[in-house]
Amino acid sequence: MKLPLSWLKDFVNVDATADEIARRLSAAGLVVENVECLAPGFAGVFAAKVLQVEKHPNADRLNLCEVDAGEKGKFKVVCGAPNVHAGMIAPLALIGARLGKEPPLEAATIRGVQSEGMLCSERELGLSQDHQGILALSAAAPLGSDVAAYLHLDDTIFDVEITPNRGDCLSILGLAREVSALFSVKLRAPKLRATHSPESPDAAQVSVTIEAPDLCPRYAALAMTRIKIGPSPAWLKRRLELCGMRALNNVVDATNYVMLELGQPLHAFDWTKIAGGKIIVRRAGDTREFTTLDNVARTLDAQDLLIADAEKPLAIAGVMGGLNSEVSDSTDAILLESAYFEPMTIARTARRLGLRSEASYRFERGIDRAGQVAALIRVAELIRKIAGGRESSIIADFEPRKAEPREITLDLNAMEALLGVATPAATAKSRLKALGAQVTTRGKAMLAVVPPSFRPDLNEQADLVEEVARLSGLEDIPASMPARIATLAVVNPEREFIKGTREVMLGCGLTEAATLAFTAPGENQRFPGIRSTLVPVKVTNPLSAELGELRLSLLAGLVAALRFNLNREAVSFHAFEIGKTFAMEGDLPHEENRLAAISYGTYALAAIGEPGVKAGFFSLKGVLESYLDAIGISSRVSFRPVAEGEAPFLHPGRGAIVMLDGNAVGLIGELHPAEAMRLDLNDPCALYELDLSKFIAYGLSPRKTIEAPPRFPAIRRDLALVLDRNFPADVVIRTIRECGSSLLVSVEIFDVYEGNAVAAGMKSVALACRYRAKDRTLTDEEVNRVHALLVEQARRRLGAELRQ
Amino acid sequence: MKEQLEEIRRRAMSELGDNADEAQVDAVRVRVLGRSGELTEIMRRMREVPNEERPAIGQLINQIKREVEARVEELSEKLKAAALDKSLNEKRIDVTLPGMRIARGRIHPITDIMEQMLQIFESLGFEVEMTQDIEDDFHNFEALNFKEHHPARDMQDTFYVEGGMLLRTHTSNGQIRVMEKRRPPLAIVCPGKCYRRDDLSVRASPMFTQIEGFMVDKIGRVTMAHLKGVLTQFAQAFFGATAIRFRASYFPFTEPSAELDMHCLLCDGAGCPVCKHSGWTEVLGCGMIHPNVLRAVGCDPAEYQGFAFGIGVERTGLLKLGVDDMRLFFENDLRFLAQFPALSGGVR
Ligand SMILES: [Zn+2]
């Protein structure tokens, strides 16, 4: 909301500086985003009446005018404007006047006649590009007054951000009330005279029927006639423009002016277009379509509120008028509407139609529930003044639903309990009164408060506490510490688990990345993540099609981050992300905590003279295994080669599903070469992704029991088995564990060999088995016996040859 | 025999000169002191020596043995020291060359900032609770006193997703989620991602991080003065000593509502283009929990009250880091990320 200082001063005589006003308003919750000082583009220009116009003796197109500038004197000036005529009041630049960047005006002799000044057009005053003729000032402009001051060109504009609860401050009067309360200066509300009674030849019968009192509890209307439609006077146009509105014609401008001033939206209908002089306020019902005054055919909803006559709709209530009843240049009789519409209905209709008007904006936020008649009186007075016209009806005021009385009890003790500081009753009382509330004292620490009709946001005690606190200034509230609620710092185990997870990844050399949750459908298809059967969640109102779905996997984002860095000098990229992924579960979207990693380029031990290890399946699997070790669940996790089509973005021979207690909880592998080629990657790119929530569940389970170190030595026996080269190593280990006696404490692969010493297509897997008893040192004979037994069983079950 | 011994001594000592190498020393040791060496040989022939001379000869043998042994020992030590010297020299390296390492990863700045904030609140006795990103209208709006069709909803442009759900526009849903399952007294912070329909730009991101904090207890035990106290402590701990102020504001779920401003870090309150010459920057929104919010979770506002605040992690992070582009947080440019610590908890 733009607030011109000059207009503010019509209602409140505040002498603080503009900066001080801005500071106090901002501190009270009405943030002044900008203070703009306007300087007129001219000086030395005064309002002057043209007394007489004569033809210039030496030039057809020029006139010689005698003008009266009040106490400044009478002057003779040469004027070439076609619109100059005796009786008009126009801006007169006297000798020495400054017009824009021009040098001071000098006396000039034009075609032999001396000119003592210049009558100015809007362009010459820098007001607009209009140079058709000289500017006609209002007939009411005082002669000799400084035109810059008269037109409010010398002004300060506050740009105030109005929060949605303060519909009352979408008006100059509302803001003036705030200023008056903040600075403790008296508010001078506009004086309203009663409207004139219609004179008999003009009398019009206005009838109003409100069929939807739930949506429109009050509707007031007034007919006027003998209107002369034309441009508004310059001062009014100027005020509209300062407030960001365009001037149209005097009647429409007058309704807008009063809306800005009082906050009550008004509408003017062409009276002759209203069939039978009947206004009906009703739901759209069967009316499906309506053309608004911007000449757009709007599709209506049955619940939309319409203003209609006996035959047709005239306006979408509170949102926009209709083309069929618009005030035109030939209009000479109007009907003025001043109504209260329920915020919800206006908001719903305006939003559905995508039509936000100054009127709907105010109705949505709640206007003065009792301000309808005052606004009609005000606008009628203004129209009489600037567009001629007179009232042709009395004010038709219908209120089928009265406002519910509101009285709020303010308990000063409760206020102290909420704010933490006591407020004297007198202070609270005066603050609330300054806002327009009626306040009566009830007992020692109780106030009965009836909020003003223009403050629908004040509904309960807390609302009143806020009003008192913000007007007093929140600075008055002291800062103190509350009693501690948790006697022990309680840690959140899930957060601690995630923190630990992050530490392991950082320790393994992965940098933490953060990517957006929005992705393109194509990316979700390419990187479906852990389970390729997941259905992505569609965003109903995405920013763009490219961000039309929520990510199924963190991998697409990490791969994009890799590409981003390779395009910017990086040669390797090792990163992880902990974040949420989303998928449909039945009809509802579901979210999951994930951990994903990417590793590309030189990974470990790179130094001078050391080639380093290139990232690949095993380097990243090592990271993952370090993590599983760190959280103590290595023994419950296994890796199953990916099946055909299971994770199409992975290399089919270098991908595995991560199984936790036999359930798939993640995957790991190298990016499919076709995908790597698409991304222009020259080295293997390793990836993994885990459903972290599954691990959190394990991480939160109680610690396993701790044992003292063994007291007796372990004895090692090796064996080497010759197997098919595709035979999985972990099956070998599992089988040997199953075959081993209780003395077998560990089995480890220490070598895998393929080459001349074994048959083609075969590999030799060398394993170290360690045996130990808890209560004694084992003898060689004992170990040899159990090992021989194990070797024989394992060989048979695996169908393997022993390698000698 | 005595002459023979003197000859053995003379020869041995001459061969064990200062320049004798390891092989020479070893040869002398074996020849003189070995199991079948010269001295052993002489010992074997002691029978031939007349009885009265035996003690003197025996003494001489022992003396020669000690002398040679000592000399051998001395030379060996010297040789070892020389060999070590030589090896030390040969193994000399350029210690200024870079070491072998697995680079430690870096914490993402959002995490780093968020952890610093959470640690401050945890030390003030707040518990961390995690809540969901996908929300229903009730938990994101209705229960937080955003009435349907109320223009307050326009303050937050919402993403809707399938199933009639939405992406939470703030972590304030945490107030509702937590209070639905737990009763006051409560002191909670809920960190998490939020979503609003803003294009990724210098100033905004469609996804961002917030920490919602709230404290609820019996009437009078958690006041606006306490809110000021807690947030003043927070601002001092997080930003260092700096002036702060509270300004009235509006949020549907707090009443009274306030905005916390802090002296602009760039100009320290003097006014500069970054703070639009006001000297202040907005840090967070806060207020006393609206009675309607307490009602929505079945808490009687006649019995309980509390405060709540919401901090934008990225926005606050930009202030603290002194960088001015939101996009940096989501590009994952290593040249940016590598500047952040490798240890969490703000260890530099
Ligand atoms: Zn500054």
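Each protein sequence line maps, in turn, to chains V and Z. What the first sequence shows, in this note's numbering, is residues 1 to 804, in sequence order. What the second sequence shows, in this note's numbering, is residues 805 to 1152, in sequence order. Don't be surprised by glycine CBs; every beta carbon is placed ideally from N, CA and C.
Quiz item: From what residue to what residue does the alpha helix (DSSP H) around Ala417/V run?
Solution: Stepping through the first sequence from its first residue, residue 417/V is reached at position 417. Start and end: 412 to 419.
Self-check item: Those runs of the beta strand (DSSP E) which lie wholly inside the region 979 to 1020 of chain Z and span at least 3 residues
Solution: Whole beta strand (DSSP E) segments, 3+ residues: 990 to 999.
Quiz prompt | Endpoints, beta strand (DSSP E) assigned at His574/V | solution = Within the first sequence, numbered from 1, the residue matching residue 574/V stands at position 574. Where His574/V is concerned, the enclosing beta strand (DSSP E) stretches over 573 to 585.
Quiz item: Since Ala387/V meets chain Z, which of its residues come closer than 9 Å, beta carbon to beta carbon?
Solution: On the first sequence, position 387 is the one that residue 387/V refers to. Within 9 Å Cβ-Cβ: nothing; Ala387/V doesn't reach chain Z, min ~33 Å.
Practice problem: Under 7 Å between beta-carbons, which chain Z residues line up against Lys2/V? List them in chain order, please. | Solution: As a first step, residue 2/V must be located in the first sequence, where it is residue number 2. Near Lys2/V there are no residues of chain Z at all, since even the closest Cβ is about 18 Å away, more than 7 Å.
Exercise. Given a cut-off of 9 Å, decide if Ala375/V and Glu391/V are closer than it, judged by their beta-carbon atoms.
Key: Against the first sequence, residue 391/V aligns to sequence position 391. Against the first sequence, residue 375/V aligns to sequence position 375. A distance of 9 Å or more separates the beta carbons of Glu391/V and Ala375/V.
Quiz item: Can you list, in chain order, the residues of the region 561 to 578 of chain V whose Cβ is nearer than 8 Å to any Cβ on chain Z?
Solution: Only those residues of the region 561 to 578 of chain V whose C-beta falls short of 8 Å from the nearest C-beta of chain Z are listed: Ala561, Phe564, Asn565, Arg568, Glu569, Ala570, Phe573, His574, Ala575, Phe576.
Self-check item: Helix, strand or coil at Met969/Z according to DSSP, with G and I counted as helix
Solution: Position 165 of the second sequence, counted from the start, is the residue given in the question as residue 969/Z. Met969/Z: strand per DSSP, three-state reduction.
Exercise. Taking only beta-carbon positions, decide if Ile914/Z is within less than 9 Å of chain V.
Key: Residue numbering aside, residue 914/Z sits at position 110 when the second sequence is read from its first letter. Closer than 9 Å: yes.
Quiz item: Can you tell me whether Lys49/V is buried or exposed, with buried defined as 16 or more other CB within 10 angstroms of its CB?
Solution: To locate residue 49/V, count along the first sequence from 1; it is residue 49. Lys49/V should be labelled buried.
Quiz prompt | Closer than 9 Å at the beta carbon, the chain B residues around Lys1032/Z | solution = Absent from the structure is chain B; the protein chains it does hold are V and Z.
Quiz item: Just checking, does the region 88 to 95 of chain V make contact with the region 137 to 148 of chain V on the three C-beta pairs under 8 Å criterion?
Solution: Taking a cut-off of 8 Å for Cβ pairs, the region 88 to 95 of chain V and the region 137 to 148 of chain V touch, as three or more such pairs fall below it.
Exercise. Verify the CB distance criterion: does Ala268/V have a CB-CB separation below 9 Å to chain Z?
Key: Translated into the one-based positions of the first sequence, residue 268/V becomes position 268. It does not: the Cβ of Ala268/V has no partner Cβ on chain Z nearer than 9 Å.
Quiz item: At a cut-off of 8 Å, is Val1087/Z close to ligand 1 when judged by its beta-carbon and the heavy atoms of the ligand?
Solution: Here residue 1087/Z refers to the residue found at position 283 when the second sequence is read from its first residue. Flag unset: Cβ of Val1087/Z not near ligand 1.
Exercise. Pull up the CB-CB distance for Leu820/Z and Ile868/Z, whole angstroms please, since I reckon it's below 8 Å.
Key: Working through the second sequence from its first residue, we reach residue 820/Z at position 16. Working through the second sequence from its first residue, we reach residue 868/Z at position 64. Wrong, their Cβ atoms sit about 12 Å apart, outside the cutoff.
Quiz item: Is the region 702 to 722 of chain V touching the region 652 to 660 of chain V, taking contact as three or more C-beta pairs under 8 Å?
Solution: Short answer: they don't touch.
Quiz prompt | beta-carbon Ala1074/Z near ligand 1 non-hydrogen atom, thresh 8 Å | solution = Against the second sequence, residue 1074/Z aligns to sequence position 270. The answer is yes for Ala1074/Z.
Quiz item: Taking a cut of 8 Å between CB atoms, which residues from the region 885 to 902 of chain Z lie near chain V?
Solution: Those would be Leu901, Pro902, in chain order.
Self-check item: Candidates Ala204/V, Leu215/V, Pro213/V, Lys228/V, of which the one nearest Ala221/V by Cα
Solution: The sequence position of residue 221/V within the first sequence is 221, counting from 1. Of the listed residues, the one whose Cα sits closest to Ala221/V is Ala204/V.
Quiz item: For Arg981/Z and chain V, any beta-carbon pair shorter than 9 Å?
Solution: By 1-based counting over the second sequence, the position of residue 981/Z is 177. For Arg981/Z, the answer is no, since every Cβ of chain V falls outside 9 Å of its Cβ.
Quiz item: Do the region 975 to 986 of chain Z and the region 552 to 559 of chain V touch if we need at least three Cβ pairs shorter than 8 Å?
Solution: The count of Cβ pairs closer than 8 Å, one atom from the region 975 to 986 of chain Z and one from the region 552 to 559 of chain V, stays below three, leaving the stretches out of contact.
Practice problem: Kindly confirm or deny that the region 154 to 170 of chain V and the region 33 to 43 of chain V touch, where touching means at least three C-beta pairs closer than 8 Å. | Solution: As far as the Cβ criterion goes, the region 154 to 170 of chain V touches the region 33 to 43 of chain V, which means the pair count is three or higher.
Quiz item: Leaving out five residues before and five after Ala729/V in sequence, what residues of the same chain have Cβ atoms less than 8 Å from its Cβ?
Solution: Residue mapping note: residue 729/V aligns to position 729 of the first sequence, counting from 1. Once the five neighbours on either side are set aside, the close Cβ partners of Ala729/V are Ile749, Val752, Val765.
Quiz item: Do the region 304 to 311 of chain V and the region 283 to 292 of chain V touch if we need at least three Cβ pairs shorter than 8 Å?
Solution: Because the criterion of three Cβ pairs below 8 Å is met, the region 304 to 311 of chain V and the region 283 to 292 of chain V touch.
Quiz item: On the three-state DSSP scale, how would you describe Cys58/V?
Solution: Sequence index remark: in the first sequence, residue 58/V carries index 58 (1-based). For clarity, residue 58/V is Asn in the given sequence; the question names Cys instead. Asn58/V falls in the coil class under three-state DSSP.
Practice problem: Could you check what DSSP says for Glu523/V in three-state terms: helix, strand or coil? | Solution: For the purposes of this step, residue 523/V is taken as the residue at position 523 of the first sequence. In the structure shown, Glu523/V sits in a helix (DSSP, three-state: H, G or I).
Exercise. Going by CA-CA distance only, name the one from Ala517/V, Asn541/V, Asn565/V, Gln525/V that's closest to Asp1179/Z.
Key: Past the edges of chain Z, shown from 805 to 1152, lies residue 1179/Z, and the structure says nothing about it.
Quiz item: Sorted by chain position, which residues of the same chain lie with C-beta nearer than 8 Å to Thr1013/Z's C-beta, five sequence neighbours on each side aside?
Solution: Stepping through the second sequence from its first residue, residue 1013/Z is reached at position 209. Excluding five sequence positions before and after Thr1013/Z, the CB atoms of its chain that fall closer than 8 Å to its own CB belong to Ile914, Met918, Pro995, Gly996, Lys997, Cys998, Gly1116, Val1117, Glu1118, given in chain order.
Practice problem: With a 10 Å radius around its C-beta and 16 neighbouring C-beta atoms as the bar for buried, classify Met847/Z as buried or exposed. | Solution: Translated into the one-based positions of the second sequence, residue 847/Z becomes position 43. Exposed is the label assigned to Met847/Z, since fewer than 16 other Cβ atoms lie within 10 Å of its Cβ.
Quiz item: What do you get for Leu789/V, buried or exposed, if any count of 16 or more other CB atoms within 10 angstroms of its CB means buried?
Solution: Here residue 789/V is taken as the residue at index 789 of the first sequence, counted from 1. Result: exposed.
Quiz item: Is the region 563 to 576 of chain V touching the region 1129 to 1147 of chain Z in the sense that three or more CB pairs, one from each, lie closer than 8 Å?
Solution: Pairwise C-beta distances place the region 1129 to 1147 of chain Z in contact with the region 563 to 576 of chain V, as three or more of them are shorter than 8 Å.
Quiz item: Just how far apart, CA to CA, sit His1081/Z and Cys1068/Z?
Solution: Within the second sequence, the letter at position 277 stands for residue 1081/Z. Within the second sequence, the letter at position 264 stands for residue 1068/Z. CA-CA distance, His1081/Z to Cys1068/Z, rounds to 9 Å.
Quiz item: In terms of residues, what are the limits of the alpha helix (DSSP H) holding Ala1061/Z?
Solution: Position 257 of the second sequence, counted from the start, is the residue given in the question as residue 1061/Z. Looking at the sequence provided, one finds Ser at residue 1061/Z rather than Ala. Note, Ser1061/Z: premise wrong, no alpha helix (DSSP H); beta strand (DSSP E) at 1058 to 1067.
Practice problem: Output, in chain order, the set of chain V residues within a Cβ distance shorter than 8 Å of Met934/Z. | Solution: Mapped onto the second sequence, residue 934/Z falls at position 130. The contacting residues are Asn492, Glu494, Arg495.
Practice problem: Starting from Ala90/V, follow the beta strand (DSSP E) in both directions and report where the run begins and ends. | Solution: Looking up residue 90/V in the first sequence gives position 90. Per DSSP, the unbroken beta strand (DSSP E) holding Ala90/V starts and ends at 89 to 99.
Exercise. Could you pull out every residue in the same chain whose Cβ sits closer than 8 Å to the Cβ of Ser453/V, ignoring the five residues on either side in sequence?
Key: As a first step, residue 453/V must be located in the first sequence, where it is residue number 453. Closer than 8 Å at Cβ, skipping near neighbours: Asp368, Arg369, Ala370, Gly371, Ala403.
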